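Student:
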Amino acid sequence: MGACSDWLYLEPENGITVDEFWQSEQDVHAGVMGCYASLLGGSDHPFAEAVFNWGELRADMVAPFRSIDGGYFQINQSEITPDNQYVRWNGAYFTINLCNTVLEKAPPVLDIDGAFTNEELQRYRGEVLTLRALMYFYLVRVFNEVPLILEATTSDARVERHSKASREEIYTQIKKDLLEAEPLIPKDHGSVDENKGRLTWYTLKTIQADVHLWEDDFGLAIEACDAVINSGQFSLVRGDEYWFTELFVEGNSPEAIFELQFSQEKLNPYYDWFSSNQGARYRANVETIEYLFPFNIMALPEDADIRSDGASYRSTDSYSLWKYLGADRFTAKPSNEATSNWIVYRYADVLLMKAEALANTEGGGADAQILINQVRERANAPDDTEVEATDQYSLTTYIVDERAREFAFEGKRWFDLLRNARRDNYRRQDLITDMVLRTTPPQKVESALSKYQDPRFHYFPIHSDEIEASFPLLEQNSFYVTEE
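Position 307 of the sequence shown, counting from 1, maps to 307 under full-length UniProt numbering, and the rest follow consecutively.
1. Within the same chain, show all residues whose beta-carbon is closer than 6 Å to that of ILE467, passing over the 5 residues directly before and after it, in chain order.
2. Can you check whether the CB of LEU148 is closer than 9 Å to the CB of residue 568?
3. In chain order, what residues of the same chain have a beta carbon less than 8 Å from the beta carbon of ALA280, not counting five sequence neighbours either side?
4. Nearest-angstrom Cα distance between GLU402 and ASP226?
5. Enumerate in chain order the residues of its own chain whose CB-to-CB distance from PHE248 is below 7 Å, with the five nearest sequence positions on each side excluded.
6. Just to confirm my understanding: we take LEU371, look at its own chain, exclude 5 residues before and 5 after, and list those with CB closer than 8 Å. What are they?
7. So, are the CB atoms of SER276 and ALA408 less than 9 Å apart?
8. Compare the beta carbon distance of GLU182 and GLY126 with 9 Å and say whether it is the shorter of the two.
9. Check whether the region 198-211 touches the region 222-240, counting contact only when three or more Cβ pairs, one atom from each stretch, lie closer than 8 Å.
10. Does DSSP put SER166 in a helix, a strand or coil?
11. In terms of residue numbering, what span does the beta strand (DSSP E) encompassing GLU246 cover?
12. Within a Cβ cutoff of 8 Å, which residues of the same chain sit near VAL140, ignoring the five residues on either side of it in sequence?
13. Per DSSP, what kind of secondary structure is PRO64 in: helix, strand or coil?
14. Check whether the region 256-272 and the region 45-54 are in contact - that is, three or more C-beta pairs closer than 8 Å.
15. Just to confirm, is the Cβ distance from THR95 to HIS45 under 9 Å?
16. For GLY365, name the three-state secondary structure that DSSP assigns.
17. According to DSSP, simplified to helix, strand and coil, what is TRP22?
18. Using the rule of at least 16 other Cβ atoms within 10 Å of the residue's Cβ for burial, across every protein chain shown, is THR439 buried or exposed?
19. Just how far apart, CA to CA, sit GLU362 and PRO472?
20. Looking at C-beta atoms only, is the number of pairs between the region 184-201 and the region 404-421 that lie closer than 8 Å three or more?
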């Protein structure tokens with residue numbers, strides 16, 4: 001990993017699990033940086049790839065293109081099986097194991113290195129506890145029930161000989177880790193790149209807000225969002241001609257809360273997936289794009305939503321996913337400059353999470369509209385997509401659509417649909433139904449709709465390799481168990 005940032009320093013990955021490695025504060029620092037570097041992905045721990053796949057492939061924003069991928073085609077056809085390559089969880093567990101290793105190996109270094117202080121140790125602990133919580137938060141939303149591993153293991157790439165914990169147990173541990181980390185984790189690491197590329201107290205509060213939304217704890221979600229909003233540390237990037245470059249090309253903008261830090265030394269994996277020159281696995285789903293960004297023949301070009309053509313996607317480039325390809329709104333970058341960061345959280349997300357919590361709180365509809373309008377005004381969103389509503393049902397639809405426009409292809413669409421659909425005993429199942437109708441070939445629609453009526457299908461199966469490795473302790477998610 002070398003020098004993608006001055007602060008992102010990583011010893012050889014296998015080194016941090018070896019006892020001889022843990023001799024100094026510098027070793028602890030390298031171990032923590034190894035946790036962050038693991039998020040950038042690799043052949044045996046593809047987390048950066050997974051966050052896109054998990055958040056987008058089941059939803060309706062992307063469609064298969066020239067280099068049709070078999071695993072994605074299965075998902076697109078609602079024919080997911082346990083041998084699908086996209087249901088692997090090894091990237092998240094690789095990082096979890098590195099976090100567990102730091103938590104186990106770092107404290108004894110206090111007795112070895114007299115210059116290493118307990119204050120420094122606790123700051124590191126705050127970071128890795130928060131990162132472990134984030135990894136489990138992804139896993140519980142994707143798989144529902146997964147092994148809950150809180151100790152370091154010698155096998156980084158595979159979860160072996162562990163049974164599943166319940167969703168409730170996993171959420172309890174997530175909240176426990178965040179609560180323990182809250183007084184420990186720094187608010188400031190000393191530089192912009194570190195504050196955006198390492199976890200801070202503000203990232204922790206953002207994760208808490210997201211977790212509370214999934215548990216329908218709307219008051220707590222609002223409280224966590226307010227901690228970020230009232231901090232004065234973040235702002236929406238201005239919606240001018242430099243908006244695209246500042247937010248998606250250069251990265252680490254005033255809006256960024258946490259981003260995976262790609263660079264010339266470590267290019268992101270997305271360019272090759274989306275570039276027409278590289279064959280392109282995916283493009284934007286035109287039907288969904290036309291729904292979210294309706295074309296008005298009478299409108300002037302300057303009246304267009306800045307998030308539409310030339311930003312989220314580019315129609316003249318076969319509806320490519322432009323956020324990861326563009327050097328600006330008009331020109332593509334070369335493949336050797338695929339350095340766009342992966343944005344995990346940004347300030348617009350906090351505003352819309354608070355709006356969602358308010359929309360589900362009695363009397364909160366008007367305040368929810370104010371927050372939605374903040375995001376829309378920055379985006380120059382046209383009247384065609386504006387909704388004047390204060391009731392929970394209409395606001396939910398409005399917020400889900402607005403989040404799709406704002407966070408197109410940022411790994412959030414499926415999670416947004418599922419979270420809002422399942423609330424109140426799947427009162428908004430129609431959100432998933434509409435998704436299926438926009439993405440599924442006509443001959444497959446009836447079968448897909450039938451599957452999506454079953455909440456168990458809303459989660460991925462456990463990959464067959466993991467089941468085999470942990471037999472008989474690890475049980476398959478019940479929807480995917482076939483009768484023999």
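Virtual Cβ for every residue (Gly too), placed ideally from N, Cα, C. Everything numeric in this text was worked out from a predicted model, so none of it was measured.
Tutor: Let me spell this out:
1. For the purposes of this step, residue 467 is taken as residue 467 along the sequence shown, with counting starting at 1. For ILE467, where only same-chain residues beyond five positions count, the Cβ hits under 6 Å are LEU474, GLN476.
2. In the structure as shown, the chain begins at 1 and stops at 484. Residue 568 is therefore absent and cannot be evaluated.
3. Position 280 of the sequence shown, counting from 1, holds the residue named residue 280. The answer, listed in chain order, is PHE65, ARG66, SER67, TRP273, PHE274, SER318, SER320.
4. What you label residue 402 is simply residue 402 of the sequence shown in a count that begins at 1. What you label residue 226 is simply residue 226 of the sequence shown in a count that begins at 1. The straight-line gap from Cα to Cα measures roughly 20 Å.
5. Indexing the sequence shown from 1 puts residue 248 at position 248. Apart from the 5 residues on each side of it in sequence, PHE248 sits with its Cβ closer than 7 Å to the Cβ of LYS323, SER340 in its chain, given in chain order.
6. As a working mapping, residue 371 is identified with position 371 in the sequence shown. Once the five neighbours on either side are set aside, the close Cβ partners of LEU371 are LEU351, LEU352, LYS354, ALA355, LEU358.
7. What you label residue 276 is simply residue 276 of the sequence shown in a count that begins at 1. What you label residue 408 is simply residue 408 of the sequence shown in a count that begins at 1. In this structure, ALA408 does not lie closer than 9 Å to SER276 by Cβ.
8. Here residue 182 refers to the residue found at position 182 when the sequence shown is read from its first residue. Here residue 126 refers to the residue found at position 126 when the sequence shown is read from its first residue. In contact: GLU182 and GLY126 (Cβ atoms closer than 9 Å).
9. In this structure the region 198-211 touches the region 222-240; the number of beta carbon pairs closer than 8 Å is three or more.
10. Taking the sequence shown and counting its residues from 1, the one referred to as residue 166 is at position 166. Coil.
11. As a working note, residue 246 is residue 246 in the sequence shown. GLU246: not part of any beta strand (DSSP E); DSSP gives it neither H nor E.
12. Here residue 140 refers to the residue found at position 140 when the sequence shown is read from its first residue. Answer for VAL140: VAL146, ARG167, ILE170, TYR171, ILE174, listed in chain order.
13. Locating residue 64 in the sequence shown gives position 64, where the first residue counts as 1. Residue state, collapsed to three classes: strand.
14. Under the three-pair Cβ rule at 8 Å, the region 256-272 counts as touching the region 45-54.
15. In the sequence shown, the residue the question calls residue 95 occupies position 95. In the sequence shown, the residue the question calls residue 45 occupies position 45. In this structure, the beta-carbon distance from THR95 to HIS45 falls below 9 Å.
16. To locate residue 365, count along the sequence shown from 1; it is residue 365. Helix, per DSSP.
17. Mapped onto the sequence shown, residue 22 falls at position 22. Of the three classes helix, strand and coil, the one that applies to TRP22 here is coil, per DSSP.
18. Position 439 of the sequence shown, counted from the first residue, corresponds to residue 439. Within a 10 Å sphere around the beta-carbon of THR439 sit 16 or more other beta-carbons, which makes this residue buried.
19. As a working note, residue 362 is residue 362 in the sequence shown. As a working note, residue 472 is residue 472 in the sequence shown. The C-alpha of GLU362 lies about 47 Å from the C-alpha of PRO472.
20. Output reads no: the region 404-421 does not touch the region 184-201.
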